[in-house]
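Numbering-wise, my numbering comes out as the position in the sequence shown, counting from 1, plus 119. What follows is a short report on a single structure.
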Amino acid sequence: MIVRYRWRVRLGTALAIAIIGATVGVSWYSFVRAPGPRRVCDHVASLRRHFPQDSSRLEAALRPLSDRGEVPQTADQLCMWYFGAEQKELSFVGYGQRSRCVTSAETPAELLACL
Numbered sequence: 120m121i122v123r124y125r126w127r128v129r130l131g132t133a134l135a136i137a138i139i140g141a142t143v144g145v146s147w148y149s150f151v152r153a154p155g156p157r158r159v160c161d162h163v164a165s166l167r168r169h170f171p172q173d174s175s176r177l178e179a180a181l182r183p184l185s186d187r188g189e190v191p192q193t194a195d196q197l198c199m200w201y202f203g204a205e206q207k208e209l210s211f212v213g214y215g216q217r218s219r220c221v222t223s224a225e226t227p228a229e230l231l232a233c234l
């Protein structure tokens, strides 16, 4: 009788650990993990292609407000430079919130609100 009980406890413990681990993994992947600068810039580039009239506003928003070094000239290089610098300067959570906001934006107005 005691042997069966111990077996059930071990099985229950293993199942609980598996469920908790899966929950933590899904939560991490969905809410904490931030997209990298390349993915963010690919999304910004697709918005520039779909909304060409707002392209100059998007580039102006990515221009630095402070002096963080030499600024690249092309829009793609500017985007990579901007989000690379943001990733280094902001905290892990701050960069994650900003990059998820940018990648979820469907219009330039939503994107500008994120920046």
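Heads up, the beta-carbon is just placed ideally off N, CA and C, and yes, glycines get one too.
Terminal residues of the continuous alpha helix (DSSP H) containing LEU177?
-> The sequence position of residue 177 within the sequence shown is 58, counting from 1. Per DSSP, LEU177 belongs to the alpha helix (DSSP H) from 174-181.
Residue burial classification, LEU197 (beta-carbon count within 10 angstroms, cutoff 16) | To locate residue 197, count along the sequence shown from 1; it is residue 78. Counting of Cβ neighbours within 10 angstroms places LEU197 among the buried residues, the total reaching 16 or more.
Return helix, strand or coil for PHE202, following the three-state DSSP convention.
-> On the sequence shown, position 83 is the one that residue 202 refers to. Looking at PHE202 - three-state DSSP - the assignment turns out to be helix.
Rounded separation between VAL159 and ILE136 - CA only | What you label residue 159 is simply residue 40 of the sequence shown in a count that begins at 1. What you label residue 136 is simply residue 17 of the sequence shown in a count that begins at 1. Straight through space, the alpha carbons of ILE136 and VAL159 are spaced by roughly 34 Å.
Which stretch, first to last residue, makes up the alpha helix (DSSP H) that contains GLN216?
-> Here residue 216 corresponds to residue number 97 of the sequence shown, with the count starting at 1. Note, GLN216: alpha helix (DSSP H), 211-223.
For the candidate residues TYR124, PRO227, TRP126, ARG125, whose alpha-carbon lies nearest to that of GLU178?
-> The residue you call residue 178 lines up with position 59 of the sequence shown. Ranking TYR124, PRO227, TRP126, ARG125 by Cα distance to GLU178 puts PRO227 first.
State yes or no: is the C-beta of SER223 within less than 8 Å of the C-beta of PHE202?
-> As a position in the sequence shown, residue 223 is number 104, starting the count at 1. As a position in the sequence shown, residue 202 is number 83, starting the count at 1. No; because the gap between Cβ atoms is not below 8 Å, this pair is not in contact.
What's the C-alpha gap between ASP173 and ALA204?
-> Counted from its first residue, the sequence shown places residue 173 at position 54. Counted from its first residue, the sequence shown places residue 204 at position 85. If I take the Cα positions, the gap works out to 23 Å.
By Cβ distance, which residues of its chain are closer than 8 Å to ARG157, with the 5 residues on each side in sequence left out?
-> Here residue 157 is taken as the residue at index 38 of the sequence shown, counted from 1. Result list for ARG157: MET199, in chain order.
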